[in-house]
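Protein chains in written order, with our numbering: chain A, 27 to 233; chain F, 27 to 233; chain G, 27 to 233; chain Z, 27 to 233. Where a beta carbon is used, it is the ideal one built from N, C-alpha and C, also for glycine. Model, not experiment: these values are computed from the prediction.
4 protein chains.
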Amino acid sequence: MSDVTAAGAARRGPGRPRSEERRTAILEAAGDLMIEGGLKAATMGAIAERAGVGKATIYKWWPSRGAVAMEGFMLRAADSWSLAEGVGAAEALHILVAAAVRLFTGTTAGPLMRALAADAQSDAELARALREQWLTPRRAVAAEILRKGMSCGELRADLDVETTLDLVFAPIYYRLIFGHGALDEAFAERTVAHVLSGIRSGEGRTE
Amino acid sequence: MSDVTAAGAARRGPGRPRSEERRTAILEAAGDLMIEGGLKAATMGAIAERAGVGKATIYKWWPSRGAVAMEGFMLRAADSWSLAEGVGAAEALHILVAAAVRLFTGTTAGPLMRALAADAQSDAELARALREQWLTPRRAVAAEILRKGMSCGELRADLDVETTLDLVFAPIYYRLIFGHGALDEAFAERTVAHVLSGIRSGEGRTE
Amino acid sequence: MSDVTAAGAARRGPGRPRSEERRTAILEAAGDLMIEGGLKAATMGAIAERAGVGKATIYKWWPSRGAVAMEGFMLRAADSWSLAEGVGAAEALHILVAAAVRLFTGTTAGPLMRALAADAQSDAELARALREQWLTPRRAVAAEILRKGMSCGELRADLDVETTLDLVFAPIYYRLIFGHGALDEAFAERTVAHVLSGIRSGEGRTE
Amino acid sequence: MSDVTAAGAARRGPGRPRSEERRTAILEAAGDLMIEGGLKAATMGAIAERAGVGKATIYKWWPSRGAVAMEGFMLRAADSWSLAEGVGAAEALHILVAAAVRLFTGTTAGPLMRALAADAQSDAELARALREQWLTPRRAVAAEILRKGMSCGELRADLDVETTLDLVFAPIYYRLIFGHGALDEAFAERTVAHVLSGIRSGEGRTE
DNA sequence: GTGTAATCGAGACGGTACGTCTCGTCTTCTG
DNA sequence: CAGAAGACGAGACGTACCGTCTCGATTACAC
């Protein structure tokens, strides 16, 4: 069953080639519908109709609604990746979290990610794709920041990187999914600040 | 539509009263089905059949599958509430997180919470209930710990409580939902330790 | 798979009983659609919509469109059965053929039978039902007439009953299906007359 | 929409000419599929694949599946036409019916005719082609026999030719379509015998 | 030869209908 | 008289064919 997202491998040979136009129309239709009417409005039939496309065309290239959302999400999120250069770890983490916040609130990526997280609860293949294609690469970027900060002395040398990555990213998804608090620049700033300095008072940091 | 969960208010008047036996049978059937076959196995029809109950009986007391899951979850989670007395804030937070981890991995509450989070993405009423009946009370308990720690000097006085609550709870749900890492005692310990002490090296904690 | 038509066996027990009202609404909708728009207009979806019924309700009681047409046809044809009493074989055969002609041209049974014959070409189960529930009983009635005629001397004693039944009925279906000639009273009269007397001139009927 | 069958008009001019090889490959594939899997197995896609041909090539030369079946049928039936010379009407009719029986049971023409009859119920154009290209010419041959027999005194002079043609041909299609009895030489013989002599006993043939 | 013009295999595509599934409501009969 | 059994309308699901439409490759005739 391989990939959830249709690998864009350039096929060459006889036959009418896949229309790139259709592909983006479908991904955009899916995103639009999720914003307008929530997850349950984005049925396969509705996406097809909105995109001016037959249902079978969608099923030919994606195995499920989740896979469409996954690729639609990647399309929008593709550019929010670069590792800030020439700044300290603290600043780099802040830039990273702020970028994620902007991605989820300023674009259609927010509803898409909510759909992905929901569908992934009952679609193991999607869950795997979500981890491998989105979470892991993002965490790798942040891990790079952490390791740089540790080696140059800005961050504690005894840091558990995995735990720290959770601390940095978890609050974003926690608020996105449960919606109990705002996702904004101030949130990004406060979260990174607290992660950096901890919440314990005093000087002794022996544990 | 009032509450998502059927308020257990004891109805009084003529006629046969609601059977408590049936109520728990339904909640257990829902939980069992979610564990066995994932979220999508727990259809209303399947729950009814498993519980030996008519579908209409379920709809009479709960408005949706999410509401059943919500009440089933509350049933299992009801006892994991008490605020540890006579210990410091650090220890109390650790106890709290460890209890949550045990709840989600050692009981059927884990799959139930995953179902709740998924359904809440397309059910605003359920999302509200989830926040008001579960998240907020738990955060209140933790906030109480934080405030005590602040007033007795164990925690920094300039703490932003809401941000800190996110740091404490978010990693649990992040791992529960995305499944990229283990949910165990070691995870609980490391997470709380990092939240307490921060990740920045050195003494200066002015910000 | 047993019967094509839903045996109307009276079920007894708990649960809402099947609605007889719906059953006839479906059968009538199917008949109406076939008249108005030909066979291909009577899709399952169209029948359901016209009858104000869910598609699943139709599939619950009939296995295929052909089965619906079969039962719809039987409903309309149910009364055209009685064996004329007190008349000779010649007259009885004429009455029988004329009644069939009227059934196929004067009611909705004509388009239904055309649909049945068409569907039966690719539905062995329907073909069986069509033979057993319609053709065979009708042929039995005619066979009875023939045998009476033979025993009372009105018909030749060396008659091959099966062959004769074909000669009597075949022209009706031949014209119904291929539409190359009118189906009317004159047709019925001429056909029976020719079958009775043959086409050979002269007296000698040795073969 | 002109003809159902692609008129084989020889095009002249530049460009690659139509491949006769492909034409027969398609017609044979259609016939084979109908025999192997019944009517519904002979989808346009399946015919194309079996014939090693693109679907568009079929649609370029035939307007519908029925048209392909029509031409495939004509291909197989083309040779069963000749009017037997030098024999009486009785013998000629018997030869004719026996030839039709052999055509429908000994070759692939049987399933093809069943497909044609079925499709013609919802395709007026095909129904017309079926009558004009197959039924009418065959009936003309038989009518010729009848008229010869009438003029030479072998057959009754007051014969209604159309009615008689129905009596001769109808039983063949009746059995082909409903499948309630064998189509064999004995059937042909008995049918013609009964048509010739009628079923009424005695000498008086007043009507 | 070389160009021109058609046919051809392959297959993507917009549709329509299929037959199945679940939802949430409703009806009837039984304990 | 509460409730299980289950019929029901509604509508999404994923599949199968339909008939149309590109593509690039392959012919054959005309020059």
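With DSSP as the reference, label residue i as helix, strand or coil.
i: Z/Leu181; result: strand
i: A/Arg42; result: coil
i: G/Val218; result: helix
Thinking residue i and residue j are a contact (beta carbons under 8 Å), I'd like their distance in whole angstroms, please.
i: G/Leu161; j: G/Thr190; result: Contact flag wrong, Cβ pair sits at about 15 Å.
i: Z/His120; j: Z/Glu62; result: Not a contact, Cβ separation roughly 33 Å.
i: G/Ala196; j: Z/Ala126; result: Actually they do not touch by this definition, with Cβ atoms about 13 Å apart.
i: G/Ile225; j: Z/Val221; result: 6 Å
i: G/Glu158; j: G/Leu109; result: Rounded, the Cβ-Cβ distance is 19 Å, inconsistent with contact.
i: F/Arg102; j: F/Ala56; result: That belief does not hold up - the Cβ atoms of F/Arg102 and F/Ala56 are roughly 11 Å apart, past 8 Å.
Express the C-alpha separation of residue j and residue i in angstroms, rounding to a whole number.
i: Z/Glu75; j: Z/Thr69; result: 10 Å
i: A/Ser223; j: F/Ser223; result: 7 Å
i: G/Tyr200; j: G/Ile52; result: 29 Å
i: A/Met96; j: A/Pro137; result: 11 Å
i: Z/Ala67; j: Z/Met60; result: 6 Å
i: Z/Leu122; j: Z/Val113; result: 12 Å
i: F/Trp87; j: F/Glu46; result: 12 Å
i: G/Ala82; j: F/Ala115; result: 60 Å
i: G/Asp58; j: G/Ala77; result: 10 Å
i: G/Ser148; j: G/Glu117; result: 37 Å
i: G/Arg182; j: Z/Ile73; result: 51 Å
i: F/Gly64; j: F/Phe99; result: 15 Å
i: A/Arg49; j: F/Leu193; result: 39 Å
i: Z/Val167; j: Z/Asp186; result: 16 Å
i: A/Arg140; j: F/Ala143; result: 10 Å
i: F/Arg164; j: A/Phe204; result: 14 Å
i: Z/Gly71; j: G/Ala104; result: 41 Å
i: F/Ala146; j: Z/Val79; result: 52 Å
i: F/Ile198; j: G/Arg44; result: 51 Å
i: Z/Ser177; j: Z/Asp184; result: 11 Å
i: A/Ala124; j: F/Glu180; result: 30 Å
i: G/Glu111; j: G/Lys174; result: 11 Å
i: A/Ile84; j: Z/Ala212; result: 58 Å
i: G/Pro40; j: F/Glu54; result: 26 Å
i: Z/Leu202; j: Z/Glu188; result: 21 Å
i: Z/Arg42; j: A/Arg42; result: 22 Å
Identify the contact partners of residue i in chain Z, using a Cβ-Cβ distance below 7 Å as the criterion.
i: G/Lys66; result: Ser148
i: G/Ala153; result: Gly205
i: G/Arg102; result: Those do not exist, as G/Arg102 stays about 18 Å from chain Z at its closest Cβ, beyond 7 Å.
For a contact defined as C-beta to C-beta under 9 Å, what are the partners of residue i on chain F?
i: A/Ala143; result: Ala143, Ala144, Gln147, Ile203 and Phe204
i: A/Arg157; result: Phe204, Gly205 and His206
Can you pull the chain A neighbours of residue i, defined as C-beta to C-beta under 9 Å?
i: F/Tyr199; result: Ala196, Tyr199, Tyr200, Ile203 and Phe204
Starting from residue i, find everything on chain G with Cβ-Cβ shorter than 8 Å and list it in chain order.
i: Z/Thr217; result: Thr189, Asp192 and Leu193
Residue i touches chain A at which residues, Cβ-Cβ below 8 Å?
i: F/Leu161; result: Phe204 and His206
i: F/Asp186; result: Arg216 and His220
Could you check whether the Cβ of residue i sits closer than 8 Å to any heavy atom belonging to the ligand MN?
i: G/Ile61; result: Because no ligand of any kind appears in the structure shown, any question about the ligand MN cannot be addressed here.
List, in order along the chain, the chain Z residues whose C-beta lies closer than 8 Å to that of residue i?
i: G/Arg140; result: Gln147
Given 8 Å, three or more beta-carbon pairs between the stretch 202–211 of chain Z and the stretch 131–139 of chain Z: yes
Inter-stretch contact at 8 Å, needing at least 3 Cβ pairs: the stretch 146–164 of chain G / the stretch 86–105 of chain G: yes
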